[in-house]
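Residue numbers (the working numbering): 4 to 500.
Note that the Cβ used here is the ideal one computed from N, Cα and C, for glycine as well.
Everything on this sheet refers to the single structure shown next.
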């Protein structure tokens, strides 16, 4: 009997829907982009209603193109951009403001105010996250302080504040479910990773009402059912929900301690599975949950980078040095390999391991040999440098040597970047033959929960190509010293965390 799974990946740039058969094979994928709403202050927003309509449309497009029997669709899995916050009326479902995107640093003053109050270390101890406007709590606090409708609804008990998974679950279930999974909840900076529950102390400090937060549910739990607003002839269970990076970790088969992956998206998440107990970092890397499945939690170390794939978009859209992302490979290969220019992409500050929201982007080390090709090369290489920084620190924190790095995301199609990543890490880099690991991970999770897939078998269905390190060790160390020097020049305090 044919059975099918729908995977939805609601990401920063757009929304994707994928159809998988009962063997875990992707039959088709459909995408729709949504607007990036950016004002003069650099605030970054999305329209939740636009994302909701796009979600319905990509599912319809994917199912129609797959030409499958809709009666055989058995489960739905969702992965989503994390930290992005939506706020809406619990009764009507109408958003009270645009969603505040994870890239948006408008909560910086709120985070600074809490740090000055002396509560920063307590929040880090409870949530595993350093105080930063990057995470959801400062964004939620900004909404509570600046959106009158949110305050009014909160007083009435009718405000929903949640990450994008909770918004989609609410809309897909026609307002009957307001739930978020553990992996998304732990990224809000309001979730206690020891007690595995919302933390009342953290919520009070940020001024976020606990009753406005979603019910936290296992990643493979019951999130209600959906017919995609009447598109399907029957309702289908939503039974797999994870933040995009966690879903990619699951889809990559990084199920054992010490396994590590890097997702190259608009930004990047580097995530190491550390097992059933949290590991505290001494280097600015954060402790989070990988997921909660089969009645138990699995923990990770994670480092988040604000700008990786977005650096390539900057080359295309803003500098107009290249016409398409694919051109970055060719120009990087043509560049003078002895040029010492570095791009430090701190367009909205730096994330892990620096956590400096005031850092500014810069091109450093230019000479007369630095031209168009060399700037493109430096922009591509900065992606690998940032990821190498975090992998090295995770090895130290966890005390586990990394043998290989599993990677996913659009930029992994750039062979220059992948080879440079292997060289600068001095480790193997494994690139899967599938692109959409976040959507795959969520669909696999849903398929396992629905009894269609076997966990041990499904993780072995992805094939990978391998990049081996080739750079001489002396040259590698020289390049890393140059990168370290360049980063120090843009940090607001003049030194690394």
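Query                                                                                                                                 : Result
Collapsed DSSP secondary structure at residue 490 in the structure displayed                                                          : helix
Residue 190 vs residue 299 beta-carbon contact at 8 Å                                                                                 : no
Where residue 106 falls, given that 16 or more other Cβ within 10 Å makes a residue buried                                            : buried
Option nearest residue 132 by Cα separation, candidates 284, 437 and 411                                                              : 284
Sufficient close CB pairs (3 or more, under 8 Å) joining the stretch 397-404 to the stretch 452-472                                   : no
When 200, 192 and 166 are compared against residue 209, the one with the closest alpha-carbon                                         : 192
Cβ-based burial, residue 334 [other Cβ within 10 Å; buried from 16]                                                                   : buried
Segment contact flag, the stretch 219-239 with the stretch 418-432, C-beta cutoff 8 Å, min 3 pairs                                    : no
Rounded straight-line distance, which links the Cα of residue 103 to that of residue 172                                              : 18 Å
Proximity of residue 394 and residue 315 at Cβ, strictly below 8 Å                                                                    : no
Distance between beta carbons of residue 344 and residue 377, contact taken as under 8 Å                                              : 5 Å
Inter-stretch contact at 8 Å, needing at least 3 Cβ pairs: the stretch 29-44 / the stretch 473-483                                    : no
Beta-carbon proximity check, residue 239 vs residue 277, cutoff 8 Å                                                                   : no
Distance CB(residue 186)-CB(residue 249) smaller than 8 Å                                                                             : yes
Under 8 Å between C-beta atoms of residue 268 and residue 309                                                                         : no
Environment of residue 326 [buried if 16+ CB atoms lie within 10 Å]                                                                   : exposed
Rounded C-alpha distance that separates residue 22 from residue 95                                                                    : 30 Å
Validate contact between the stretch 364-376 and the stretch 410-425 using beta carbons, cut 8 Å, 3 pairs                             : no
Buried or exposed (CB count within 10 angstroms, at least 16 for buried), residue 383                                                 : buried
For residue 389, the first and last residue of its enclosing alpha helix (DSSP H)                                                     : 375-401
Cα-Cα separation between residue 65 and residue 39, rounded to whole angstroms                                                        : 24 Å
Element boundaries [beta strand (DSSP E), containing residue 242]                                                                     : 239-246
Contacts around residue 35, its chain only, beta-carbon distance under 7 Å, and the 5 residues preceding and following it disregarded : 17, 18, 57, 60 and 61
Contact check, residue 306 vs residue 356, beta carbons under 8 Å                                                                     : yes
Anticipated Cβ contact below 8 Å, residue 448 with residue 253, distance rounded                                                      : 6 Å
Beta-bridge pairing of residue 305 - partner residues as DSSP gives them                                                              : 274 and 289
Per-residue burial, residue 97 [other beta carbons within 10 Å of its own, 16 or more giving buried]                                  : exposed
One or two residues paired with residue 259 in a DSSP bridge                                                                          : Paired residues: none, contrary to the question.
Alpha carbon of residue 318 to alpha carbon of residue 179, nearest angstrom                                                          : 44 Å
Straight-line gap, residue 1 to residue 243 (C-alpha atoms, nearest Å)                                                                : Shown here, the chain extends from 4 to 500; a query on residue 1 therefore has no answer.
Cβ-based neighbour list, residue 391, same chain, cut-off 7 Å, excluding 5 preceding and 5 following                                  : 427 and 428
Straight-line gap, residue 324 to residue 420 (C-alpha atoms, nearest Å)                                                              : 18 Å
Backbone secondary structure at residue 76 - three-state DSSP                                                                         : strand
Among 466, 458 and 346, nearest to residue 492 - alpha-carbon criterion                                                               : 346
Span separating the alpha-carbon of residue 73 from that of residue 54                                                                : 23 Å
Three-state secondary structure (DSSP) of residue 228                                                                                 : strand
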